[in-house]
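J.: Let me begin by handing over the structure; questions about it come next.
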Amino acid sequence: MAERRSRYARDPLGLRRALSDRLLPGLVAAMALLAALALAGTHGAAALKERWQQGAAAAVTVQIPPEQAGRMDQALILLREMPEVASAEAVSPDRMRELLRPWLGEVPALPLPSVLELRLVNPAIDPEPIARRLSEAVPGAEVESHGIWVARLAALARSVQGVALAVLVLVVGVAVAVVAVATRAGLAARRQAIEILHDLGATQDYIAGRFARRIGLLAASGALAGAALAVPTLAALSGVAAPLAGGMIQPWSSLPWLDLVLLPPVAGAIGWATAQVSVRRWLRRLP
Amino acid sequence: MVRFTAVGLRYPSPDGGMGPEALADLTFTLPEGSFTWLLGASGAGKSSLLRLLHLALLPTRGELEVLGERVRRERRAALPALRRRIGVVFQDFRLLPYLSAFDNVALPLRLAGRSEASLRPDVTEMLRWVGLQGKELALPEQLSGGEQQRIAIARAVVTRPALLVADEPTGNLDSHQARRLLALLTQMNRLGTTVVVATHSEDLVAQFAAPALVLDQGRVVQYG
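Next up, the structure:
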């Protein structure tokens, strides 16, 4: 009984009963999960864009026709002397067969072109002058840049980032609305108690602070559950996305841990601030 | 000291405007340390006047001064501190149903920032005085109407207020408890508290000679 008395003494507005510890945390958990997915989408798209731009954009392929195969070394020397070229390497016949096997199968008799792989010092360099100088020395040599594909992929990644950020803003907006509705429900349930405390000399700070602490705590606990739920979900998604990043993604280490850790305090702060504003606005009707 | 100068009060009407004046042209002064009976028929405006006295309402016109402080709508932030110097016994008790008798009585002390250790003797003494020792942990629903009223009285006086306002405080008390309450009110008055008691009970008024403020249709028709 003494424990019950001290518990109620800490909660003179009876908010533990008026503000359910299931509904609001449940809704906030769902929104925290969506926010975690949106944040992971933003980071993932940014990382892929970075990787594509750093990798594929800088890579240029040079194809030398079979009849000019004997001039491979001349082409390599010429390319390595060009200041725009960071590196130039011949792709071995074994690797060529490996790369073509998914498309052509085992075709040992097929004559394969000689291929050189270049890396430019800057992805923004136009490969056209390189191609012109090379074809003058090695007729029939062709330079193929992947820039246009990279540009399209980068635009796609930017779109994914934009959508993810829009989802994040929407989630925050819905969270504010949900907290405001929950606060109003609590105010309606405890209207008489608030009026009694007000008449006994409670300040707006006291009443709004009680609501804000309770709702902030509920929102933070909901977000904690949502973030915990997001961890295995994001790990599974990372595993699915790994091939797109050349198998470089490690499911656990690639998770946005900082964002996940920050979700509960940010949700708590949103709940606290929304409750403060809602309660103070409601209290204006009292003298 | 309490001073009303041409005070009027209107309640909001359902259409969003203001209704007719429930109280009109109230001008009187209650000296510091005075005891005043507030009398009048039902609907005369006694409860409205008491609500002005304990600052649950603010006047819509005129000037109101409570405990030496001029009450202004634009200085609302100063009102809670003033309210904490006023004890109120509500007609309908207005106890918090989920708090024990002890916590209901302790509420004004906690709002005033008193520590748990220091408020316990005062609350226990108040509960003993109103005859509810041993019922500290009882919830209001577990108490009779008279016991609930005694809790409300204990809550009103536990802070030793400078102004004590009571609305029909003996409505649910037997004659013995009513005499004890009157003794408490007069004792507090002797210690310097300004006391205003609204009542229909002629027996109660007859037990203690004090000035009476008589209301009729929202106006003071007699004071003295």
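Top to bottom, those sequences are chains G and A. The first sequence begins at 1 in the numbering used here and counts up by one. The second sequence begins at 1001 in the numbering used here and counts up by one. Using N, Cα and C, we set each Cβ at its ideal position, and we do this for glycine too. Just so you know, these numbers come straight off a predicted model, no measurement behind them.
(1) So L263/G and A223/G are supposed to be a Cβ contact under 8 Å. How far apart are they, rounded?
(2) Use the C-beta contact count for V1195/A: other C-beta atoms within 10 angstroms, 16 or more gives buried, fewer gives exposed.
(3) If I follow the unbroken alpha helix (DSSP H) through G222/G, where does it start and stop?
(4) Residues of the region 190–201 of chain G in Cβ contact with chain A at a cutoff of 9 Å, in chain order, please.
(5) By alpha-carbon positions, which one of G1019/A, A1006/A, S1048/A, E1069/A ends up nearest to E1032/A?
(6) Interface residues of chain A around G14/G at Cβ under 9 Å?
(7) For P127/G, which residues of its own chain have a beta-carbon under 6 Å away from its beta-carbon, when the five flanking residues on both sides are left out?
(8) Could you check how far apart the C-beta atoms of A90/G and L120/G are, in whole angstroms? I think they sit under 8 Å.
(9) Tell me which residues of the region 1044–1072 of chain A have at least one Cβ-Cβ distance to chain G shorter than 8 Å, keeping chain order.
(10) Along the region 15–33 of chain G, where does the CB come closer than 8 Å to a CB of chain A? Name the residues.
(11) P1108/A CB to nearest chain G CB: under 8 Å?
(12) Out of curiosity, what's the CA-to-CA distance linking A1138/A and V1007/A?
(13) Residues of chain G with CB under 9 Å from Y1111/A, in chain order?
(14) Indicate the three-state DSSP secondary structure (helix, strand or coil) for E1125/A in the structure shown.
(15) In the DSSP assignment, the alpha helix (DSSP H) including E144/G goes from what residue to what residue?
(16) Output yes if chain G places a C-beta closer than 8 Å to the C-beta of V1088/A; else output no.
(17) Let me know if R1128/A comes out buried or exposed under the rule of 16 or more other beta-carbons within 10 Å of its beta-carbon.
(18) Can you tell me where the beta strand (DSSP E) holding L1039/A begins and where it ends?
(19) Roughly how far, in whole angstroms, is the beta-carbon of E1065/A from the beta-carbon of V1165/A, given that I think they are within contact range, below 8 Å?
(20) Does A90/G come out as helix, strand or coil in the three-state DSSP assignment?
(21) Is the CB of P1014/A under 8 Å away from at least one CB in chain G?
(22) So, is the C-beta of R1150/A closer than 8 Å to a C-beta in chain G?
(23) Going by alpha carbons, who is nearest to E200/G out of L1026/A, T1193/A, A1152/A?
(24) Roughly how many whole angstroms lie between the Cα atoms of S278/G and L165/G?
(25) Consider the Cβ of P287/G: report whether some Cβ of chain A lies at a distance smaller than 8 Å.
(26) Just list the residues that DSSP pairs I64/G with in beta bridges.
(27) Would you give the residue range spanned by the alpha helix (DSSP H) that I332/G belongs to?
(28) Assign R285/G to one of three DSSP states: helix, strand, or coil.
(29) Taking only beta-carbon atoms, is R1076/A less than 8 Å away from chain G?
(30) Would you kindly report the start and end of the unbroken alpha helix (DSSP H) that includes Q74/G?
(31) With 8 Å set as the bound, which would you pick, yes or no: does the beta-carbon of R1010/A sit closer than that to a beta-carbon of chain G?
(32) So that I know if they touch, is there some Cβ in chain G lying closer than 8 Å to that of P1140/A?
(33) From S1013/A, H1054/A, I1086/A, G1218/A, pick the residue whose C-alpha is nearest to that of G1192/A; which is it?
(34) Going along chain G in order, which residues have a C-beta closer than 7 Å to the C-beta of R1228/A?
(35) Would V1220/A pass as a contact of L1026/A if the rule is Cβ separation under 8 Å?
T.: On the basis of the coordinates in this document:
(1) 5 Å
(2) buried
(3) 204–241
(4) Q192, A193, E195, I196, L197, H198, D199, L200, G201
(5) E1069/A
(6) L1096, P1097, Y1098, L1099
(7) V60, V143, S145
(8) Between L120/G and A90/G the Cβ distance is about 17 Å, and since that is not below 8 Å, they are no contact.
(9) H1054, L1055, A1056, L1057, L1058
(10) R17
(11) yes
(12) 42 Å
(13) Residue 1111/A is actually Leu in this sequence, not Tyr. Correct list: P12, L197, L200, G201, A202, T203, Y206.
(14) helix
(15) Not the alpha helix (DSSP H): E144/G falls in the beta strand (DSSP E), residues 142–145.
(16) yes
(17) exposed
(18) 1035–1039
(19) Incorrect: roughly 15 Å between the Cβ atoms, too far for contact.
(20) strand
(21) no
(22) no
(23) Per the sequence shown, the amino acid found at residue 200/G is Leu instead of Glu. That would be A1152/A, whose Cα lies nearest to the Cα of L200/G.
(24) 26 Å
(25) yes
(26) S114/G
(27) The shown model of chain G, from 1 to 287, leaves out residue 332/G, and the question about it has no answer.
(28) coil
(29) yes
(30) 72–81
(31) no
(32) no
(33) I1086/A
(34) Here chain A has residues from 1001 to 1224 only, and residue 1228/A is not among them.
(35) yes
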